[in-house]
Amino acid sequence: MSISREDIEKVAVLARIKVDGEQVSALEKDLGNILDLVDQLSAADTDSVEPMAHPLDAVQKLRPDVVTETNQREAFQAIAPATEDGLYLVPRVIE
Amino acid sequence: MHNKSVAELSKELESGRISSVELTQQFLDRLKTEDGKYNSFITISDEQALAEAKAADEMRAAGKATVWTGVPFAHKDIFCTSGVRTSCGSKMLDNFVPPYDATATANFKAAGAVCLGKTNMDEFAMGSSNESSFYGAVTNPWGLSSGDKRVPGGSSGGSAAAVAARLVPAATGTDTGGSIRQPAALCGITGLKPTYGRVSRYGMIAFASSLDQGGPMARTAEDAALMMNVMAGYDPKDSTCIDRAVPDYTATLNEPLKGLKIGLPKEYFSDQLSPAMEEQVRNAIREYEKLGATVKEVSLPNAKLAIAAYYVIAPAEASANLSRFDGVRYGYRCEDPKDLMDMYTRTRAEGFGNEVKRRILVGSYALSAGYFDAYYLKAQKVRRLIQQDFINAFKEVDVLMSPVSPTPAFKQGEKNTDPVSMYLEDVFTIAINLAGIPAMSVPAGFVDGLPVGLQIIGDYFSEARLLNAAHQFQQVTDWHQREPQ
Numbered sequence: 004m005s006i007s008r009e010d011i012e013k014v015a016v017l018a019r020i021k022v023d024g025e026q027v028s029a030l031e032k033d034l035g036n037i038l039d040l041v042d043q044l045s046a047a048d049t050d051s052v053e054p055m056a057h058p059l060d061a062v063q064k065l066r067p068d069v070v071t072e073t074n075q076r077e078a079f080q081a082i083a084p085a086t087e088d089g090l091y092l093v094p095r096v097i098e
Numbered sequence: 028m029h030n031k032s033v034a035e036l037s038k039e040l041e042s043g044r045i046s047s048v049e050l051t052q053q054f055l056d057r058l059k060t061e062d063g064k065y066n067s068f069i070t071i072s073d074e075q076a077l078a079e080a081k082a083a084d085e086m087r088a089a090g091k092a093t094v095w096t097g098v099p100f101a102h103k104d105i106f107c108t109s110g111v112r113t114s115c116g117s118k119m120l121d122n123f124v125p126p127y128d129a130t131a132t133a134n135f136k137a138a139g140a141v142c143l144g145k146t147n148m149d150e151f152a153m154g155s156s157n158e159s160s161f162y163g164a165v166t167n168p169w170g171l172s173s174g175d176k177r178v179p180g181g182s183s184g185g186s187a188a189a190v191a192a193r194l195v196p197a198a199t200g201t202d203t204g205g206s207i208r209q210p211a212a213l214c215g216i217t218g219l220k221p222t223y224g225r226v227s228r229y230g231m232i233a234f235a236s237s238l239d240q241g242g243p244m245a246r247t248a249e250d251a252a253l254m255m256n257v258m259a260g261y262d263p264k265d266s267t268c269i270d271r272a273v274p275d276y277t278a279t280l281n282e283p284l285k286g287l288k289i290g291l292p293k294e295y296f297s298d299q300l301s302p303a304m305e306e307q308v309r310n311a312i313r314e315y316e317k318l319g320a321t322v323k324e325v326s327l328p329n330a331k332l333a334i335a336a337y338y339v340i341a342p343a344e345a346s347a348n349l350s351r352f353d354g355v356r357y358g359y360r361c362e363d364p365k366d367l368m369d370m371y372t373r374t375r376a377e378g379f380g381n382e383v384k385r386r387i388l389v390g391s392y393a394l395s396a397g398y399f400d401a402y403y404l405k406a407q408k409v410r411r412l413i414q415q416d417f418i419n420a421f422k423e424v425d426v427l428m429s430p431v432s433p434t435p436a437f438k439q440g441e442k443n444t445d446p447v448s449m450y451l452e453d454v455f456t457i458a459i460n461l462a463g464i465p466a467m468s469v470p471a472g473f474v475d476g477l478p479v480g481l482q483i484i485g486d487y488f489s490e491a492r493l494l495n496a497a498h499q500f501q502q503v504t505d506w507h508q509r510e511p512q
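Protein chains in written order, with our numbering: chain U, 4 to 98; chain H, 28 to 512.
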């Protein structure tokens with residue numbers, strides 16, 4: 004199965020990864036080959052099969068609704084690219 | 028000292044013949060002089076290691092020593108280590124110093140083990156040759172004497188090469204599609220991928236969350252058992268971890284194997300396997316027969332679909348997991364972003380390497396509107412078919428045995444230009460992750476001077492039995508003791 008340049012450009016936007024024209028050509032080939040490999044799945048008869056998310060079909064454990072974490076904002080923000088007054092800084096989004 | 032196992036080093040420390048500070052210094056010195064040949068470490072954490080060694084000697088003096096107290100080892104650079112850079116082999120996390128410990132890290136610290144540093148790996152654990160690391164390829168200690176630079180396998184290639192080269196007696200690894208077993212096989216060491224949920228994934232940087240599992244890499248099955256005693260167990264911080272009693276994995280190592288029923292999946296002895304490799308694997312299985320095991324052929328009819336299912340599920344989960352690397356809270360951020368979108372897209376374009384980007388794009392495509400049912404849901408259904416094959420096989424036999432990889436260690440640069448040919452490297456290991464069952468790689472011979480691994484696959488939570496089978500094999504063979512020249 005092939006994947007078009009338009010598909011690659013669209014999915015790159017969805018994945019928030021900048022790709023230039025040359026990269027799109029390389030990705031067209033590589034992603035096309037990967038999707039060819041994956042295409043074998045369509046031959047499998049899975050009509051009555053339940054999808055499997057956890058090998059032991061475990062479900063999420065619930066815990067009591069109490070605060071267990073302490074505030075470590077300073078430790079966490081010490082490794083951030085840019086912060087101010089306890090907030091993360093990003094390029095302006097609202098003029 | 029560098030040739031001793033964890034169990035032997037532990038005895039040396041216990042006897043008082045050497046302190047942990049002395050032992051740690053010896054290992055650090057050797058690591059610094061030797062690792063230039065292999066590039067198996069990303070970070071050597073001397074200061075922390077010597078502080079941990081001093082604390083270990085005090086722990087021993089206070090009568091609180093465990094088997095691990097004062098013994099050096101290393102973590103794959105995917106396990107968060109508080110205060111020590113954890114890069115996951117990526118430029119994205121080149122500056123990331125975690126403010127917390129992974130549960131596996133905390134467990135080794137509590138036991139008093141001494142972490143010498145962080146081992147090299149494929150970027151975000153995506154690779155089978157350790158060539159996708161931002162910190163450069165790792166060189167396999169085997170085959171170097173013939174002048175060839177060969178891959179150590181991946182993604183835990185740094186851990187495997189470091190253990191094989193006697194730089195550390197043991198190291199942690201992680202395995203999403205074969206990333207403990209295949210490098211263990213290619214470097215001639217012993218590795219175990221536990222049952223999914225047996226070892227906490229908390230603080231282990233996520234690749235594909237329904238497949239990832241941490242585990243031990245060491246030279247002997249006994250040392251792997253000692254690592255499992257520290258690593259295994261329920262952790263409320265990992266919601267997929269299983270709450271189930273942990274046995275002492277060393278207690279059953281010496282059980283006799285008489286009557287062990289071994290199944291050989293016929294699909295794993297196919298024409299993908301080179302005849303020379305097959306001969307070594309079959310010789311190993313004959314050793315098991317001498318130990319009293321019986322052998323029969325079994326079938327895993329859906330195994331052929333494993334790679335296809337994996338290359339939907341793993342990239343899909345990776346695309347979701349790696350969305351957290353956005354240049355906002357930690358890690359790399361591009362220079363001078365002109366707006367928020369530019370910051371996200373350039374940070375990720377510059378911070379991730381090519382293989383990681385390919386997988387994120389494949390995963391995003393598979394999860395995008397209109398394709399989810401055809402890809403992700405279909406792959407999850409095939410995953411259940413693959414699991415059912417194993418469940419059926421374990422109604423007839425106790426363990427399965429097979430090769431780990433289709434060929435021994437290949438040369439650097441041989442496969443890294445074609446993603447799909449690299450993916451086929453994991454043809455015998457991937458189905459095990461999809462099923463969530465445990466499996467080991469055990470040194471079982473050589474082809475052209477390069478190590479061959481025997482894969483031993485077990486039913487859910489049968490790690491003790493696998494370690495027992497591997498240990499008994501290692502009592503009658505010496506493949507695991509061979510040292511690269």
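For glycine and all other residues, C-beta sits at the position ideal for the given N, C-alpha and C.
- If you draw a straight line from the Cα of H:S42 to the Cα of H:L36, it comes to about 10 Å.
- Counting only Cβ-Cβ distances below 9 Å, U:T73 has no contacts in chain H at all, with the closest Cβ about 12 Å away.
- The Cβ neighbour count for H:G286, taken over all protein chains shown within 10 Å, is under 16; the residue is labelled exposed.
- Listed along chain U is no residue with a C-beta nearer than 9 Å to that of H:P465; the closest approach is about 11 Å.
- Only N122, F123, V124, P125, P126, Y127 from the segment 108 to 135 of chain H bring a Cβ to less than 9 Å from some Cβ of chain U.
- Around the beta carbon of H:D270, fewer than 16 other beta carbons lie within 10 angstroms, which makes this residue exposed.
- With a contact defined as Cβ atoms closer than 8 Å, H:G380 and H:F161 qualify at about 6 Å.
- Within the model, the alpha-carbon separation for H:R351 versus U:V93 is close to 15 Å.
- Shown here, H:V111 sits in a strand according to DSSP, grouped into three states.
- A residue is called buried when at least 16 other Cβ atoms come within 10 angstroms of its Cβ; H:D62 meets this threshold and is buried.
- Restricted to the segment 457 to 499 of chain H, the alpha helix (DSSP H) segments that are unbroken, complete and at least 4 residues in length are 457 to 462, listed in chain order.
- Taking the beta carbon of U:I82 as reference, the chain H residues within 9 Å of it are N122, F123, V124, P125, P126, R356, Y357, G358, listed in sequence order.
- Counting C-beta atoms within 10 angstroms of its own C-beta, H:L494 has 16 or more neighbours from the protein chains shown and is therefore classed as buried.
- Assignment of H:C142 by DSSP, reduced to helix, strand and coil, places it in the strand class.
- Per the coordinates, the alpha-carbon of H:V257 lies some 33 Å from the alpha-carbon of H:G170.
- For H:K405, the C-beta contacts it makes with chain U under 8 Å involve L44, S45, A47, T49, in order along the chain.
- For H:I105, no Cβ of chain U is located within less than 8 Å of the residue's own Cβ.
- Looking at the DSSP output, U:Y91 sits in a beta bridge with U:T86.
- In this structure the segment 194 to 208 of chain H lies against the segment 226 to 242 of chain H, because at least three pairs of beta carbons, one per stretch, are closer than 8 Å.
- A buried status is given to H:V141, since no fewer than 16 other beta-carbon atoms sit within 10 Å of its beta-carbon.
- Interface flag for U:V27 against chain H is unset, since no Cβ pair is found closer than 8 Å.
- Across the structure, H:A211 and H:S468 are spaced so that their CA atoms are roughly 6 Å apart.
- Scanning H:S173, H:G174, H:S172, H:E150 for the CA closest to the CA of H:A164 turns up H:E150.
- H:G218 and H:G354 have their C-alpha atoms some 35 Å from each other.
- In the DSSP assignment, H:P446 falls within the alpha helix (DSSP H) that extends over 446 to 450.
- Boundaries of the alpha helix (DSSP H) around H:M370: 367 to 378.
- Contact residues of the segment 469 to 502 of chain H toward chain U are Y487 (C-beta to C-beta distance below 9 Å).
- As summarised for the segment 293 to 373 of chain H, the continuous beta strand (DSSP E) elements at least 3 residues long and confined to that stretch are 321 to 325, given in chain order.
- Ranked by Cα distance from H:A272, the options H:K264, H:A259, H:T146 are led by H:A259.
- Look at H:G241 here: in three-state DSSP terms it is strand.
- Excluding residues up to 5 positions away in sequence, E150, F151, M153 lie with their Cβ nearer than 6 Å to the Cβ of H:V383 in the same chain.
- One finds H57, P58, L59, A61 in chain U with Cβ atoms closer than 9 Å to the Cβ of H:G224, taken in chain order.
- Around H:I105, the same chain offers C115, M148, A152, T201, M231, I232 as residues with beta carbons nearer than 7 Å, after the five sequence neighbours per side are excluded.
- Between the C-alpha atoms of H:I71 and H:T146 there is a straight-line separation of about 9 Å.
- The three-state reading of DSSP puts H:T201 in strand, counting E and B together.
- In the three-state scheme derived from DSSP, where H, G and I count as helix and E and B as strand, U:S28 is classed as helix.
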